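**Student:** Before I ask anything, let me first share the structure, which is written out below as structure tokens.
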Amino acid sequence: MIRAGLRPFLGVLVVAAILGSAGCEASRVPPSDQPVFVGSSDSSSPSTPSVAPSVGVPSPPAVASVPGTTPTGTRAPVVDHGPRTGNKVALTFDADMTDGMLASLRAGRVKSYANLRILDLLERDEVPATFFLTGKWVQRYPDVTRRIADNPRFELANHTYGHAAFTGDCYDLPSQPVNELRGDVAKTFEVIKPYGGRQTRYFRFPGLCHDAATLDALAPLGVTVVDGDVVSGDPFATAWKPLVRAVLDHVRPGSVVIMHVTEANAAMTDEALPHILAGLRERGLVPAPLSEVLVGA
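The sequence shown runs 6 to 302 under the numbering used here.
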């Protein structure tokens with residue numbers, strides 16, 4: 006569910022959704038010093054839904070140490086940030102891919118939705134990061150996915166299979182029925198799994214659009230839903246300086262920063278990233294994998 010007060014900010018990103026990629030994520034800075042879990046605003050909904058795993062949907066890993074794993078059978082928790090103590094922050098990069106984006110690639114309207122300059126910089130400076138991957142992006146860019154998985158400083162997380170919305174009123178993203186959400190997310194985990202590396206059970210909704218029904222649908226998968234508290238606003242940005250300000254003006258210890266690795270519709274991200282990293286250093290903040298930032302989450 007997107008909080009009402011954030012809609013004016015996110016509205017500028019509607020164009021991105023219409024063009025086949027919606028990198029429209031919400032931003033808020035909760036005051037708590039502890040990891041913030043956000044439940045549904047529908048207080049009448051039960052906290053423990055009576056849902057059973059669908060046939061053919063794989064169960065979550067039995068290894069409790071996989072980051073983001075939560076008990077199955079209860080509503081998926083939602084976290085915005087980690088503890089406000091210490092000096093760690095998480096840089097997260099969404100890898101969107103819709104059928105419309107694939108069509109643009111095939112038609113030659115865009116060159117790439119994989120910004121390798123971002124990976125070059127993160128690797129060169131040994132900066133940890135977490136990548137929320139759509140299944141279709143992984144299938145389109147297997148070599149890039151392997152590169153991400155092979156880096157011990159990078160974590161892999163789930164961003165749905167085809168970047169569809171599972172709620173109404175989600176910035177004109179392509180939509181799917183909520184009863185298909187569980188299978189969609191499970192399929193994406195299966196697409197990502199063979200690449201190995203630092204696998205997680207973290208999941209991010211496209212557009213951060215979720216409600217009680219969608220969180221209940223994820224109950225059998227044992228995932229943690231990660232929103233974030235700092236939004237770069239990089240989709241379809243035409244200058245890098247506003248992205249730097251958007252991050253550095255709001256980042257705090259424990260923050261989860263949302264950016265994109267989709268070059269064609271986030272072309273300024275690689276320009277902004279060196280300045281973001283420099284600003285974090287000036288503030289005494291250190292990038293870390295999401296699992297380390299969300300200690301206790």
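Beta carbons: idealized from backbone N, C-alpha and C, even for Gly. Please read all numbers here as calculations on a predicted model, not as lab measurements.
Going by alpha carbons, who is nearest to Q204 out of L186, L223, R158?
**Tutor:** When each option's Cα is compared against that of Q204, the closest is R158.
**Student:** Would you mind working out which of A162, A242, T79 sits nearest A272, comparing C-alpha positions?
**Tutor:** Of A162, A242, T79, the residue nearest in Cα terms is A242.
**Student:** Count the other CB atoms, across all protein chains shown, that sit within 10 Å of the CB of P82; report buried if there are 16 or more and exposed otherwise.
**Tutor:** P82 should be labelled buried.
**Student:** Note down, one range per segment and in chain order, each beta strand (DSSP E) of at least 3 residues found wholly within the stretch 276 to 300.
**Tutor:** Listed in chain order, nothing qualifies, since the stretch 276 to 300 has no complete beta strand (DSSP E) run of 3 or more residues.
**Student:** Check whether the Cβ atoms of L299 and V84 lie closer than 8 Å to each other.
**Tutor:** For L299 and V84, yes; Cβs fall inside 8 Å.
**Student:** Report, in whole angstroms, the separation of the C-beta atoms of S2 and L248, which I expect to be a contact under 8 Å.
**Tutor:** Any property of residue 2 remains undetermined from this structure, which presents the chain solely from 6 to 302.
**Student:** With a CB to CB cut of under 7 Å and the five nearest residues on each side skipped, what residues in its chain are close to V143?
**Tutor:** Closer than 7 Å at the Cβ level, and outside the excluded window around V143, lie T150, V196, I197.
**Student:** Let me confirm a value: S48 is counted as buried when at least 16 other C-beta atoms fall within 10 Å, else exposed. Which label applies?
**Tutor:** Summary for S48: the model assigns pLDDT 31, below 50, so the residue's position carries little reliability; its value from the coordinates is reported in the next sentence. Looking at its Cβ environment, which holds fewer than 16 other Cβ atoms inside 10 Å, S48 is exposed.
**Student:** Which residue from M264, L110, V256 puts its Cα closest to that of W245?
**Tutor:** Of the listed residues, the one whose Cα sits closest to W245 is M264.
**Student:** Note the first and the last residue of the continuous alpha helix (DSSP H) segment covering E128.
**Tutor:** Taken as a continuous stretch (DSSP letters only), the alpha helix (DSSP H) holding E128 covers 121 to 129.
**Student:** Between D104 and G167, what straight-line distance do the alpha-carbon atoms span, to the nearest angstrom?
**Tutor:** Approximately 7 Å between the Cα atoms of the pair.
**Student:** What are the boundary residues of the alpha helix (DSSP H) that M264 is part of?
**Tutor:** First-last for M264: 261 to 265, but that is the beta strand (DSSP E), not the alpha helix (DSSP H).
**Student:** Please list, in chain order, all residues of the same chain as E268 whose beta carbon is under 7 Å from its beta carbon, the five residues on each side excluded.
**Tutor:** Only S117, Y118, A119, N120 meet the Cβ criterion.
**Student:** Out of curiosity, what's the CA-to-CA distance linking D275 and R122?
**Tutor:** D275 and R122: Cα-Cα distance of roughly 6 Å.
**Student:** Can you give me the C-alpha to C-alpha distance between P76 and A224, rounded to a whole angstrom?
**Tutor:** Their Cα atoms are separated by approximately 8 Å.
**Student:** Measuring alpha carbon to alpha carbon, tell me which of V261, V71, F208 ends up nearest D234.
**Tutor:** Minimum Cα distance to D234 is reached at V261.
**Student:** So, at 7 Å on beta carbons, what are the nonlocal neighbours of K141 in its own chain, with the 5 sequence-adjacent residues on each side left out?
**Tutor:** Only M102, L107, Y166, G167 meet the Cβ criterion.
**Student:** Where A154 and R145 are concerned, what is the direct C-alpha to C-alpha distance, given to the nearest angstrom?
**Tutor:** Those two C-alpha atoms are separated by around 15 Å.
**Student:** Going by C-alpha to C-alpha distance, which of T219, L126, G113 sits closest to P182?
**Tutor:** Of the candidates T219, L126, G113, the one whose C-alpha sits nearest the C-alpha of P182 is T219.
**Student:** Sort R152, L213, D239, G73 by Cα distance to E128 and report the nearest one.
**Tutor:** It is R152.
**Student:** Mind checking who T135 pairs with in its DSSP beta bridge?
**Tutor:** DSSP output for T135 lists T97, E160 as bridge partner(s).
**Student:** Using the C-alpha atoms, what's the distance from G284 back to T139?
**Tutor:** Their backbone Cα atoms lie some 29 Å apart in a straight line.
**Student:** Taking DSSP as the reference, what is the three-state secondary structure of T205?
**Tutor:** It is a strand residue.
**Student:** The alpha helix (DSSP H) spanning R150 covers which residue range?
**Tutor:** With the sequence shown as reference, residue 150 is identified as Thr, and Arg is not the correct amino acid for it. From DSSP, the alpha helix (DSSP H) with T150 extends over 147 to 155.
**Student:** Just to confirm, are N163 and F208 a CB contact at a threshold of 8 Å?
**Tutor:** Yes; because the gap between Cβ atoms is below 8 Å, this pair is in contact.
**Student:** Going by the beta-carbon positions, is the gap between L290 and V256 smaller than 8 Å?
**Tutor:** Yes, the pair counts as a contact, with Cβ atoms nearer than the cut-off.
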